[in-house]
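**Student:** My structure is below; once you've seen it, I'll send some questions.
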Amino acid sequence: MSWIGVCDAEQVQEDFPYSGNIDGKEIGIYLIDGEYYALEDVCPMPTRC
């Protein structure tokens, strides 16, 4: 897995994740207990999104 610069660390806060687009995929970047996580931003219930 490679690292891709997406945003500045200051743009991600515990209560305010960062939402962006990388290579056509929506992603969410989260700060949880001092660690950063990036996940594909998908709806877990497609019939409701």
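With my numbering, letter number 10 in the sequence shown gets 709, and the count goes up by one each step, no holes. Beta carbons are placed, not taken as given, at the ideal position from N, Cα and C, and that holds for glycine.
1. Excluding the 5 residues preceding and the 5 following Y736 in the sequence, name in chain order all residues of the same chain whose CB lies nearer than 6 Å to its CB.
2. Could you tell me which of G733, D740, E725 and I721 sits nearest to Q645, measuring between CA atoms?
3. Taking 8 Å as the threshold (C-beta atoms), are E725 and S718 in contact?
4. Considering just the uninterrupted stretch of the beta strand (DSSP E) at A737, what are its terminal residues?
**Tutor:** This is what the structure gives:
1. Y729
2. Given a span of 700 to 748 for the chain in the structure shown, any question on residue 645 remains unanswerable.
3. yes
4. E734 to E739
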